[in-house]
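In the working numbering, the protein residues as written are 11 to 342.
Idealized CB from N, CA, C, for every residue including glycine.
Only one structure is covered here, and it is reproduced in the block below.
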Ligand code: LMR
């Protein structure tokens with residue numbers, strides 16, 4: 011009799027713990043390397059809000075901003091190992107993964123505006139690039155904007171000759187390395203989280219980034235000059251661990267896909283204003299002199315930098331570059 015009751019108790023315990031397990035939310039760790047008050051930072055929080063609200067708590071999104079969980083050079087492996095479930099790395103950071111075609115987005119002056127860029131991310135090239143991620147255990151969910159990059163240094167920078175010999179921090183992209191070498195500068199690949207200190211200590215002399223990153227990383231405190239070059243674009247691919255994503259209950263995956271779609275619209279709608287506001291904030295700080303290039307100076311920069319396209323046909327893919335030219339109407 012006693013054995014009967016103890017087995018009933020065991021079954022009850024098992025059912026209770028199963029029930030508790032079934033109530034456990036699905037946790038998505040979303041790691042990124044920028045401040046929260048940036049297009050990507052706000053986009054991640056919007057996705058969190060929509061995902062948790064629309065799944066009625068079945069999904070919990072933990073956002074880890076500013077390299078607080080993983081930094082550049084660690085993030086991608088952490089995603090592939092399943093230590094995090096989502097990232098939104100810059101499109102310039104897929105070379106080390108072996109998908110070098112993403113560096114087409116790094117080609118200087120290949121886009122005149124965000125509308126041209128969206129023709130690429132929302133067209134066959136964007137889809138092809140996401141397809142290539144699948145073999146790496148990664149699924150591409152969305153493209154998020156940041157904006158056009160400016161250059162900064164501790165000396166005035168107007169024309170290519172001004173960059174000669176400068177150590178310039180870049181993301182892990184060979185195209186960006188060639189870009190800086192074309193200017194006579196010395197490219198230094200470095201994790202985003204290390205840039206402020208490297209500028210402060212003189213390990214590097216300057217860098218490039220959209221204004222939202224420049225300002226939110228307080229680079230105005232350690233850079234005397236900022237040139238409004240708009241020489242290239244920086245945006246993101248929102249990606250997930252494929253095994254995790256494919257393993258979600260179908261209804262949850264559908265809901266999250268909708269949340270990502272709306273978070274993408276939100277992030278892309280605010281990107282330009284975030285960068286405009288950052289420029290005004292840098293101007294107001296009075297800590298960095300903002301240089302506007304004359305049309306002749308911009309033309310000189312473009313003349314020197316567009317050569318990087320041809321130089322990288324074998325790396326990025328001649329056909330990929332041709333596709334982007336066709337979509338954007340770029341005339342080399
Ligand atoms: C950088 O490393 O400069 C950027 O990719 C940071 C970011 O994610 O915007």
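Item	Value
For residue 42, the nearest candidate out of 84, 35, 59, 127 (CA to CA)	84
Any non-hydrogen atom of ligand 1 closer than 7 angstroms to residue 158 Cβ	no
CB contact flag (residue 292, residue 236, <8 angstroms)	yes
Presumed contact (8 angstroms Cβ cut-off) between residue 113 and residue 326, rounded CB distance	5 angstroms
Stretch-stretch touch, CB-based, cutoff 8 angstroms, three pairs: the segment 204 to 212 with the segment 126 to 138	no
Assigned exposure category for residue 110 - 16 Cβ within 10 Å defines buried	buried
Delimiting residues of the alpha helix (DSSP H) encompassing residue 325	323 to 326
Residue 137 beta carbon near ligand 1 (any heavy atom closer than 7 angstroms)	no
Neighbour-count burial assignment, residue 218, 16 or more Cβ in a 10 Å radius	buried
Nearest residue (CA-CA) to residue 44, options 246, 316, 138, 186	246
Assigned exposure category for residue 278 - 16 Cβ within 10 Å defines buried	buried
Closest residue to residue 204 among 339, 81, 340, 75 (Cα-Cα distance)	81
Proximity test, Cβ basis, 8 angstroms: residue 307 and chain C	Although the question refers to chain C, the structure presented lacks it and comprises just one protein chain.
Rounded straight-line distance, which links the Cα of residue 340 to that of residue 333	10 angstroms
Sequence-distant residues of its chain with Cβ nearer than 7 angstroms to residue 104 (five each side left out)	112
6 angstroms CB neighbourhood of residue 194 in its chain, flanking five on each side removed	173, 174
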